[in-house]
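Residue numbers (our numbering): 4 to 66.
Just so it is clear, CB atoms sit at the ideal spot from N, CA and C, and this is done for glycine as well.
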């Protein structure tokens with residue numbers, strides 16, 4: 004049990020004194036970047052899906 008308590012004390016100390024947390028402005032700009040990249044990726048996948056759907060409809064209508 005002492006090892007478990009020691010682990011949590013060391014983890015807490017590390018989170019407070021050794022981790023470099025980003026500033027709010029850095030966090031905000033990174034979040035916006037992830038949001039924009041996700042939207043672009045979703046649009047690309049949606050367009051590929053739409054193109055593939057139309058190609059399959061054409062293919063099945065031909066045969």
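Q: Compute the Euclidean distance between the alpha carbons of residue 57 and residue 48, then round it to the nearest angstrom.
A: As a working mapping, residue 57 is identified with position 54 in the chain shown. As a working mapping, residue 48 is identified with position 45 in the chain shown. When rounded, the distance between both Cα atoms is 14 Å.
Q: Could you tell me the distance, in whole angstroms, from the CA atom of residue 41 to the CA atom of residue 31?
A: Position 38 of the chain shown holds residue 41. Position 28 of the chain shown holds residue 31. Rounded to the nearest angstrom, the two C-alpha atoms are 15 Å apart.
Checklist line | Contacting residues, own chain, Cβ-Cβ under 7 Å from residue 21 (five flanking each side not counted) | finding: Here residue 21 refers to the residue found at position 18 of the chain shown. None.
Out of curiosity, what's the CA-to-CA distance linking residue 11 and residue 55?
Along the chain shown, one-based indexing puts residue 11 at 8. Along the chain shown, one-based indexing puts residue 55 at 52. Distance between the alpha carbons of residue 11 and residue 55: 52 Å.
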